[in-house]
Amino acid sequence: MSGGPDNSMPENTVARTGGLTHRYRETFALENVTLDIPAGCMAGLIGPDGVGKSALLAILAGVRRIQSGEVTVLGGDMADQAHRSQCHTRIAYMPQGLGKNLYPTLSVKENLDFFGRLFELGKTERKERIAELLSATGLAPFPDRAVGALSGGMKQKLGLCCALIHEPDLLILDEPTTGVDPLSRRQFWELIDTIRARRPQMSVLVATAYMEEAERFDWLAAMDDGHILATGTPDEVRKAAGRTTLEEAFIELLPEEKRRQHHTVTVSPRRTTGGTPAIEAEGLTRRFGKFVAVDNVNFRIEPGEIFGFLGSNGCGKTTTMKMLTGLLPASEGEAKLFGKPLDARDTATRRRVGYMSQSFSLYNELTVRQNLELHARIFELPDADIEPRILEMLESFELKAVANEQPDALPLGIKQRLQLAVAVIHKPEVLILDEPTSGVDPIARDQFWQYLIDLSRNSGVTIFISTHFMNEAERCDRISLMHAGRVLAVGSPHDLAAEHGDGSLEEAFVAYLTEATAQTAESTAEAQESPLEIAPQPRATIGGRHFSTRRLWAYTRRETMELLRDPIRLTFALVGPLILLLAFGYGISFDVENLPYAVLDQDQSLESRTLLANFEGSNYFEMEEPASSEADLVNRLKTGEIVVGLEIPPDFGRDLLAGRQPEINLLLDAALPFRGETAAGYVNGIAAQYMVEQFPSLITRPYSVVTRMRYNQSFKSVYAIVPSVFTLVLTMIPAMLTAVGVVREKEYGSIANFRSTPVTRLEFLLGKQGPYVVLAYVNFLTLLAMAVFLFGVSVTGSVTALLAGSLLFVVATTGFGILVSSFTKTQVAAMFAAAVISIVPAVNFSGLLVPVSSLSGGGQAVGLSFPSGWYQPISVGAMTKGLHFTDIWVSFVMLTFFSLLYLFAARMALRKQET
Amino acid sequence: MRHFLKNVWRLGIKELRAFRSDPILIALVIYIFTFAVYSVATGAKTEVVNAAVAIVDEDRSLLSRRIAGALLPPYFQEARYIQADEAITGMDKNEFVFLIDIPPNFERDLLRGDNPTIQVSADATAMSLAGIGTSYITSIISQEITTTLQEHGYSTSLPINLVSHFLFNPNVESIRSTSMMQVINNISMLAIILAGAALIRERERGTVEHLLVMPVNAAEIMLAKIWANGLVILVAALASLIVVVEMLLGVPVAGSLTLFAFGIAVYLAAVTGLGIMLATFASTMPQFALLSIPVLIIFELLSGSATPIESMPPWLQTIMQLSPATHFTAFSQAILYRGAGLPIVWPQLMVMTGIAAIFFFVSLIRFRRAVLRG
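Quick mapping for you: the protein sequence lines, in order, are chains A and B.
Count along the first sequence from 1, add 15, and you get the number used in my numbering.
Count along the second sequence from 1, add 62, and you get the number used in my numbering.
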């Protein structure tokens with residue numbers, strides 16, 4: 016519709032979409048969205064999870080491909096690649112999830128440093144900028160702490176620092192405060208305000224599921240089901256709906272049919288019964304190593320009470336609940352259920368408790384009804400009661416329509432209802448619910464609460480529930496505020512709000528948090544004290560589309576640090592090759608030695624004994640007890656005790672001397688054909704030698720066949736197998752590790768950094784590949800050392816050719832891993848794909864088992880289409896065959912070709928945008 | 063006790079349902095026990111097949127041509143005549159594996175009784191081929207020489223007549239051992255992967271934790287996984303043995319299938335236990351894969367199914383006694399190849415039972431801790 020995007024874009028609009036539609040398979044994430052987002056202010060998208068907020072933000076940030084519709088951001092068309100790559104230096108994008116785009120094993124400073132390098136900031140510039148950002152966000156006291164050990168609030172602040180390091184014009188934040196405690200949340204918004212005050216030209220676009228946060232936005236768009244419900248200032252939205260809070264307004268704005276399902280939650284007063292507390296915690300403490308997850312927690316919960324546990328992610332709520340269910344033993348203190356100390360082995364108490372864990376815990380392979388039935392049976396409901404009880408549950412939780420569906424296919428709200436039904440099927444007296452409503456839309460949440468209130472008031476069930484929603488906490492009879500493993504306060508929401516927060520529970524919590532954090536060293540209140548002092552930077556210094564070794568090095572450096580801090584991957588990388596060489600070197604052996612044999616000598620003459628003496632002297636054979644009969648010989652072959660049986664007939668000596676050609680029976684265990692056949696060859700050889708030595712006169716026209724085992728005179732398997740194992744190990748392990756290295760980023764979400772920063776595909780791929788090339792070469796050197804010192808295999812040919820050829824080979828195999836990673840989505844798939852695709856040709860067609868010259872035409876072609884087929888001549892050639900560079904130069908050319916081929920194929924396959 | 067058994071039964075049924083609703087897993091099991099067995103058995107042969115031979119013929123006699131003509135497919139490719147100076151470089155470049163060097167006047171010297179020498183060289187880096195191939199070529203040469211001598215009226219009879227009987231595998235076909243060993247290796251591989259993945263999957267989804275809050279204990283959860291996954295593999299393995307190995311590949315099974323099935327069951331208890339044990343050491347699926355791959359490779363290569371155990375160094379043989387796969391391989395070879403019965407294989411059954419118990423108890427000790435920390 017628009018001619019030039021620049022003209023159609025009003026001055027005060029930072030982004031606009033026209034008819035934007037986006038779908039995941041069949042479902043619409045966004046449907047025909049047309050939107051103008053104002054510039055230079057704080058704009059917000061509000062709505063529950065899964066309504067399309069994230070998809071919209073990702074498209075605006077340029078990290079997700081536009082399916083249909085028009086998108087203009089910062090005055091340019093986002094479908095245009097040139098504009099997009101220009102935008103990478105002007106837009107900062109922080110994806111959803113606590114610290115999702117950060118690297119948990121890296122420290123605060125290392126994370127920031129990585130982002131600084133990605134934007135090609137110089138060393139001093141980086142240092143200054145990092146110091147400023149850290150002090151502005153109150154993170155300055157812990158530059159060396161690993162990100163994984165930070166609290167949720169701190170992670171988000173760090174995420175913000177990383178986003179701000181290149182001074183963007185548009186800051187896009189996807190649910191930055193979900194799961195963060197109220198104080199950190201407040202500090203986060205204050206931080207954003209400070210930054211905006213310093214750089215008023217910067218536009219901020221935020222998505223949130225907390226309606227109350229949206230009150231502070233300058234402009235907002237309410238979203239539901241891929242549609243925009245309303246836009247405007249918070250005041251305008253409230254007025255349009257005729258409601259006093261945004262949450263109510265949001266429900267009011269929903270389409271009629273959805274709204275009809277909504278009923279305002281009413282909390283009827285509780286009848287206090289007194290008596291033994293249902294749940295008691297006395298000095299409950301849990302440590303994980305040095306870390307105190309739960310610190311001296313005390314509370315009592317009356318029967319029939321709804322007790323809320325309010326706190327941020329990682330504050331110890333879940334750990335406390337696990338101790339109360341007996342899943343985790345307490346380090347100190349005691350938990351009591353119904354006045355009795357908790358005993359994890361006491362199944363009788365377990366029957367009185369229902370539990371709903373934070374992670375979704377239904378069996379997706381079972382239908383809704385089967386899930387209910389399994390739980391009913393495990394709790395041993397009487398057979399006659401099971402069917403009626405299931406029906407009752409389906410009825411009262413409105414699950415009838417979906418009884419035969421699998422939970423996976425159901426919307427989150429219904430799944431949560433099913434989980435509650437499963438948790439109460441055995442009519443427990445106590446219900447422990449760990450954040451049951453996170454991620455669910457307001458209507459489903461209210462409905463869920465209605466069930467809970469019903470259970471508490473009408474069935475007298477004690478409910479212990481954790482949440483981070485304030486309005487849910489207000490519905491509890493009593494709540495406890497929790498932070499950093501400690502309970503800050505316990506009381507009725509009304510009292511707490513009145514005493515500490517001027518009638519607002521959120522204010523009260525913030526007040527308690529401020530008080531608590533003031534006492535600890537980890538004071539984060541510094542934020543306000545040191546205003547941000549970032550001088551505007553000339554834009555020209557930052558980023559660009561050219562190939563940058565600095566950005567490449569940023570990735571290499573980071574990948575190396577991560578790898579060095581991951582014990583399982585590192586162990587696999589370093590020890591794996593050794594185990595494989597041991598297993599293969601000793602496990603694939605064609606040496607046939609020390610074969611156990613037994614004789615049945617029915618002659619006992621000088622001739623028979625002379626013949627048998629030849630066997631005794633041989634290395635190939637090892638004599639066992641002589642056999643007593645032919646049956647004995649056969650039986651011992653059957654048990655596997657012997658492999659060869661020799662049966663010498665009576666009168667052997669006499670017949671031999673008389674020229675009557677006596678017959679010797681040779682019995683061989685041919686279950687393993689190679690061994691059997693080789694043994695037969697040895698026996699024939701010994702018999703032939705005996706005849707030549709003892710009866711030279713009988714042979715009138717002699718001749719000899721001399722056999723020569725070239726390259727390996729002693730014909731020992733190790734000389735052939737060990738160099739071949741090099742091919743195998745260096746094919747498999749580097750490919751797997753490299754593949755996993757890239758796919759990990761996809762799985763954990765840090766791939767967003769690749770998509771939203773100026774780093775190019777080639778820089779990213781080469782940067783990731785680098786550390787694995789070094790690692791694989793270390794593998795090669797260890798293998799070589801083992802081959803020489805443990806297996807006694809020496810390099811008979813050119814050492815230089817071997818060293819150089821192996822380097823080329825590991826570049827090719829890591830390149831193959833990179834290629835695999837560009838089309839796989841999960842680490843498991845990447846690992847198996849890399850292993851299977853590379854191993855099959857390496858084992859079967861590279862010459863490990865069958866020499867390439869003896870393969871069929873097709874097999875030869877397959878072998879030569881993988882690097883392993885070309886490395887085999889180098890490893891075996893240089894080590895065992897004594898070859899030099901001039902003999903095998905073609906392999907070097909081919910390996911170089913494969914390295915480049917894989918790299919460019921991966922570059923083609925890797926998309927800078929998500930589809 | 064009744065409650066215990068009922069829970070084990072119910073949770074096992076749940077495992078089977080989970081398996082049934084996972085088409086990828088079903089496809090994997092079917093693929094592994096059909097196509098993979100078939101292709102390895104027919105593809106990876108240790109027989110001499112299609113071997114490349116070159117001849118330096120400086121004799122150019124009837125006999126030398128006869129020798130070249132006797133190298134026949136499927137064992138050998140048609141012999142290539144080359145010049146003496148190509149002999150070394152050709153083998154360096156992997157153009158052929160065997161080289162027969164027939165000296166000038168070989169036939170004449172033979173008939174004169176001058177004891178001429180014919181040389182057969184092999185590329186001894188091609189281990190599987192070089193040894194047996196050389197003895198094939200040697201006997202082909204002897205055969206042709208014998209015929210030639212007989213035609214010229216010389217007696218060639220040998221003083222002793224050595225008659226070889228290949229027991230348990232009269233035609234010495236590698237397909238007989240590889241097909242069955244492939245089934246055995248697949249049992250180990252699937253048992254570790256299925257049982258371990260089943261536990262990790264539940265833990266990633268949080269369902270194990272949920273079970274532990276109910277009147278269910280760790281032993282019940284583990285036993286349910288062991289019997290259900292074990293049953294799937296047992297059925298698949300027996301079907302594979304009967305349909306693919308016996309019917310399709312035409313390889314006879316020597317011993318009792320019932321006894322073999324019983325042995326598989328015992329072995330599965332041990333290996334599924336091992337899978338669960340490994341899963342308790344890993345917290346995610348990728349970690350589990352990294353841990354299990356080396357274990358699987360060791361199982362496959364060092365248990366005696368690829369190479370006879372007596373070919374390994376003694377210290378390694380001792381270590382491998384700790385692996386249930388070693389005992390299971392010995393057990394299977396005795397029954398399937400040599401038709402051994404219970405009186406011969408009972409020691410292996412006992413050892414496997416013992417190992418199964420050890421794995422089970424180690425897993426049991428680690429289970430709760432591992433599940434709840436992850």
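Glycine included, each C-beta is placed from N, C-alpha and C at the ideal position.
Only a predicted model underlies this, so the values are computations on that prediction, with no experimental measurement involved.
Could you give the DSSP three-state label for E77 of chain B: helix, strand or coil? Numbered from 1 along the second sequence, position 15 holds the residue referred to as residue 77 of chain B. DSSP places E77 of chain B in helix when its eight states are reduced to three.
Determine the extent of the beta strand (DSSP E) in which E46 of chain A is found, giving its start and end residues. To locate residue 46 of chain A, count along the first sequence from 1; it is residue 31. It spans T42 to P53 - the beta strand (DSSP E) in which E46 of chain A sits, taken as one unbroken run.
Do you know offhand how far L269 of chain A's Cα is from E262 of chain A's? Counted from its first residue, the first sequence places residue 269 of chain A at position 254. Counted from its first residue, the first sequence places residue 262 of chain A at position 247. Answer to the nearest angstrom: the Cα atoms are 11 Å apart.
Use the C-beta contact count for W904 of chain A: other C-beta atoms within 10 angstroms, 16 or more gives buried, fewer gives exposed. Indexing the first sequence from 1 puts residue 904 of chain A at position 889. Exposed is the call here.
Please report how far the alpha carbon of L579 of chain A lies from the alpha carbon of L790 of chain A, in whole angstroms. Counting from one through the first sequence, the residue named residue 579 of chain A turns up at place 564. Counting from one through the first sequence, the residue named residue 790 of chain A turns up at place 775. Roughly 11 Å separates the two Cα atoms.
The beta strand (DSSP E) enclosing L186 of chain A, as first and last residue numbers: Within the first sequence, the letter at position 171 stands for residue 186 of chain A. Counting along the chain, the beta strand (DSSP E) containing L186 of chain A begins and ends at L185 to D189.
What separation, rounded to the nearest whole angstrom, lies between the Cα atoms of M747 of chain A and R566 of chain A? As a first step, residue 747 of chain A must be located in the first sequence, where it is residue number 732. As a first step, residue 566 of chain A must be located in the first sequence, where it is residue number 551. Approximately 28 Å between the Cα atoms of the pair.
CA nearest to the CA of V877 of chain A, picked from A:R360, A:C491, A:N859 and A:Q171: Within the first sequence, the letter at position 862 stands for residue 877 of chain A. Of the listed residues, the one whose Cα sits closest to V877 of chain A is A:N859.
Chain A residues whose Cβ lies nearer than 7 Å to that of G193 of chain B: The residue labelled residue 193 of chain B in the question sits at position 131 within the second sequence. Ordered by position in chain A, the residues that pass the 7 Å Cβ test against G193 of chain B are F605, T693 and F730.
Measuring CB atoms only, is the segment 661-678 of chain A touching the segment 618-632 of chain A, in the sense that at least three cross pairs come out at less than 8 Å? yes
L235 of chain A vs A229 of chain A beta-carbon contact at 9 Å: In the first sequence, counting from the first residue as 1, residue 235 of chain A sits at position 220. In the first sequence, counting from the first residue as 1, residue 229 of chain A sits at position 214. Yes.
Contact check, F524 of chain A vs L325 of chain A, beta carbons under 9 Å: Mapped onto the first sequence, residue 524 of chain A falls at position 509. Mapped onto the first sequence, residue 325 of chain A falls at position 310. It is a contact, given that the beta carbons lie within the stated cut-off.
For T223 of chain A, the residue or residues it bridges with in DSSP: Translated into the one-based positions of the first sequence, residue 223 of chain A becomes position 208. Paired residues: A:I61.
Taking the C-alpha atoms as reference points, what is the distance between S411 of chain A and I92 of chain B? Here residue 411 of chain A refers to the residue found at position 396 of the first sequence. Here residue 92 of chain B refers to the residue found at position 30 of the second sequence. C-alpha separation (whole angstroms): 43 Å.
Within 10 angstroms of the Cβ of S809 of chain A, are there 16 or more other Cβ atoms? Answer buried if so, exposed if not. Residue mapping note: residue 809 of chain A aligns to position 794 of the first sequence, counting from 1. Classification of S809 of chain A: exposed, given that the 10 Å Cβ count is below 16.
DSSP on Y726 of chain A, reduced to helix/strand/coil? Counted from its first residue, the first sequence places residue 726 of chain A at position 711. Reduced to three states, the DSSP call for Y726 of chain A is coil.
Rounded C-alpha distance that separates V659 of chain A from Q379 of chain B: Position 644 of the first sequence, counted from the start, is the residue given in the question as residue 659 of chain A. Position 317 of the second sequence, counted from the start, is the residue given in the question as residue 379 of chain B. If I take the Cα positions, the gap works out to 21 Å.
Would you say I203 of chain B lies against chain A (beta-carbon separation less than 9 Å)? The residue given as residue 203 of chain B occupies position 141 in the second sequence. Yes, contact with chain A.
Output needed for L615 of chain A: all residues of its chain with C-beta closer than 6 Å, excluding positions within five of it in sequence on either side, in chain order. As a first step, residue 615 of chain A is located in the first sequence; it is residue number 600 there, counting from the start. Around L615 of chain A: A642, L648 and E662.
If you draw a straight line from the alpha carbon of N112 of chain B to that of R72 of chain B, how long is it in whole angstroms? Taking the second sequence and counting its residues from 1, one reaches residue 112 of chain B at position 50. Taking the second sequence and counting its residues from 1, one reaches residue 72 of chain B at position 10. Each residue's alpha carbon lies about 55 Å from the other.
Among B:N223, B:V159 and B:S126, which residue has its Cα nearest to the Cα of Q139 of chain B? Position 77 of the second sequence, counted from the start, is the residue given in the question as residue 139 of chain B. Residue B:V159 is the option with its Cα nearest to Q139 of chain B.
Applying the criterion that 16 or more other CB atoms from any shown protein chain within 10 Å of the CB defines a buried residue, is Y309 of chain B buried or exposed? Residue mapping note: residue 309 of chain B aligns to position 247 of the second sequence, counting from 1. For the record, residue 309 of chain B in the displayed sequence is Met; it is not Tyr. Classification for M309 of chain B: exposed.
Can you tell me whether DSSP reads N51 of chain B as helix, strand or coil? The question about residue 51 of chain B has no answer, for chain B in this structure spans 63 to 436.
Three-state secondary structure assigned by DSSP to E347 of chain A: Taking the first sequence and counting its residues from 1, one reaches residue 347 of chain A at position 332. Residue state, collapsed to three classes: strand.
Could you pull out every residue in the same chain whose Cβ sits closer than 8 Å to the Cβ of Y378 of chain A, ignoring the five residues on either side in sequence? Position 363 of the first sequence, counting from 1, holds the residue named residue 378 of chain A. Excluding positions up to five away in sequence, the list reads Q385, N386, L389 and P422.
Using the C-alpha atoms, what's the distance from L339 of chain A back to A308 of chain A? For the purposes of this step, residue 308 of chain A is identified with residue 293 of the first sequence, where counting begins at 1. For the purposes of this step, residue 339 of chain A is identified with residue 324 of the first sequence, where counting begins at 1. Taking the straight line joining both Cα atoms gives about 14 Å.
Kindly give me the distance between the Cβ atoms of N177 of chain B and S719 of chain A, rounded to whole angstroms, as I take these residues to be in contact under 8 Å. Counted from its first residue, the second sequence places residue 177 of chain B at position 115. Counted from its first residue, the first sequence places residue 719 of chain A at position 704. Rounded, the Cβ-Cβ distance is 7 Å, consistent with contact.
Could you tell me whether the Cβ of Q395 of chain B comes closer than 9 Å to any Cβ of chain A? Locating residue 395 of chain B in the second sequence gives position 333, where the first residue counts as 1. Taking Cβ atoms only, chain A reaches closer than 9 Å to Q395 of chain B, which makes this a yes.
Determine the closest residue to E295 of chain A out of A:R253, A:G348 and A:T279, with distance taken between C-alpha atoms. Counting from 1 along the first sequence, the entry for residue 295 of chain A is found at position 280. Residue A:G348 is the option with its Cα nearest to E295 of chain A.
Cα-Cα, which of B:G215, B:L191 and B:F230 is closest to R716 of chain A? Along the first sequence, one-based indexing puts residue 716 of chain A at 701. Nearest C-alpha to R716 of chain A: B:G215.
Give me whichever residues DSSP pairs with S719 of chain A in a beta bridge. Along the first sequence, one-based indexing puts residue 719 of chain A at 704. B:T179, per the DSSP bridge assignment.
If you follow the beta strand (DSSP E) that S813 of chain A is in, where does it begin and where does it stop? Residue 813 of chain A sits at position 798 when you count from the first residue of the first sequence. It is not in any beta strand (DSSP E) - S813 of chain A carries neither H nor E in the DSSP assignment.
What is the rounded straight-line gap between the Cα of L823 of chain A and the Cα of I854 of chain A? What you label residue 823 of chain A is simply residue 808 of the first sequence in a count that begins at 1. What you label residue 854 of chain A is simply residue 839 of the first sequence in a count that begins at 1. Between L823 of chain A and I854 of chain A, the C-alpha separation is close to 18 Å.
Distance CB(G884 of chain A)-CB(S869 of chain A) smaller than 9 Å: Taking the first sequence and counting its residues from 1, the one referred to as residue 884 of chain A is at position 869. Taking the first sequence and counting its residues from 1, the one referred to as residue 869 of chain A is at position 854. Not closer than 9 Å, so no.
To the nearest whole angstrom, what separates the beta carbons of N291 of chain B and A253 of chain B, a pair I think is in contact under 8 Å? Looking up residue 291 of chain B in the second sequence gives position 229. Looking up residue 253 of chain B in the second sequence gives position 191. Their Cβ separation, rounded to whole angstroms, is 7 Å, which keeps N291 of chain B and A253 of chain B in contact under 8 Å.
Could you give the DSSP three-state label for P711 of chain A: helix, strand or coil? Position 696 of the first sequence, counted from the start, is the residue given in the question as residue 711 of chain A. Residue state, collapsed to three classes: helix.
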